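Residue numbers (full-length UniProt numbering): 1 to 201.
For every residue, glycine included, the Cβ atom is placed at its ideal position computed from N, Cα and C.
The structure presented is a predicted model; accordingly, all values stated were derived computationally and were not measured.
To start, the structure itself, in structure tokens.
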């Protein structure tokens, strides 16, 4: 009887050690996954910042002069001639600024302190959703004007002018493409943040 009691006591002492070992391994695995999500999040944010900045810079530097002009009339096209292009530039610039100033530092915090970053990730999901709405609306507005510039609209007597302002249309199209690339990055950001929260990271 004494030997049986000793065996049971030694087994009870050994079980917590094994469970502790398993929990440590699980924590290490979870910590590695959290950091991987954090690194992916940071890369996506850098991509979103670069693409929105490129869209804003390309649109903001649009200034095309036609080679034919008179002494009194000069044909010029700028982004601020069209209010949707103004909104496009400011929206992408604001989105890029907020990503660089606000979300990139918080993303680094999620990498350095993955276990205590649940509230930070929740804030980033809300922030990314707002930025996604802003950039999507800007890209859609810019795409609408670019389409009209290329094809015109006979119902409203809007004439296509890309055959004259070729550089203007090419650059504005490039800006719209860069903005939509930013939209894609931000969509992936929201997805990654949601998965991280689902995994309780």
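Secondary structure at residue i, three-state DSSP: helix, strand or coil?
i: residue 191; result: helix
i: residue 27; result: Because the pLDDT of residue 27 is 43, which lies under 50, any placement of that residue in the model is unreliable, and the number read from its coordinates should be weighed accordingly. In the structure shown, residue 27 sits in a helix (DSSP, three-state: H, G or I).
Give every residue of the same chain whose Cβ lies closer than 8 Å to the Cβ of residue i, excluding the five residues on either side of it in the sequence, and list them in chain order.
i: residue 146; result: 169, 172, 173, 176
i: residue 94; result: 134
i: residue 162; result: 149, 150, 168, 169
i: residue 159; result: 152
i: residue 123; result: 106
i: residue 180; result: 139, 143
Taking 8 Å as the cut-off, decide whether the C-beta atoms of residue i and residue j are in contact.
i: residue 205; j: residue 139; result: The question about residue 205 has no answer here: the residues shown for the chain are numbered 1 through 201.
i: residue 92; j: residue 133; result: no
i: residue 143; j: residue 54; result: no
i: residue 130; j: residue 190; result: no
i: residue 192; j: residue 136; result: no
Rounded to the nearest angstrom, how far is the Cβ of residue i from that of residue j, given a contact under 8 Å?
i: residue 44; j: residue 118; result: Not confirmed; about 19 Å, so no contact.
i: residue 48; j: residue 101; result: With 8 Å as the limit, residue 48 and residue 101 do not qualify as a contact, their Cβ atoms being about 13 Å apart.
i: residue 103; j: residue 127; result: 6 Å
i: residue 59; j: residue 87; result: About 10 Å; that fails the 8 Å criterion.
Looking only at its chain, what residues have a beta carbon closer than 6 Å to the beta carbon of residue i, apart from the 5 residues adjacent to it on each side?
i: residue 90; result: none
i: residue 155; result: none
Output needed for residue i: all residues of its chain with C-beta closer than 7 Å, excluding positions within five of it in sequence on either side, in chain order.
i: residue 110; result: 38, 41, 117, 120, 121
i: residue 56; result: 89, 92, 93, 96
i: residue 185; result: 44, 47, 48, 51
i: residue 194; result: 125
i: residue 61; result: none
Could you please give the first and the last residue of the uninterrupted alpha helix (DSSP H) stretch that includes residue i?
i: residue 121; result: 118-151
i: residue 111; result: 104-112
i: residue 96; result: 83-98
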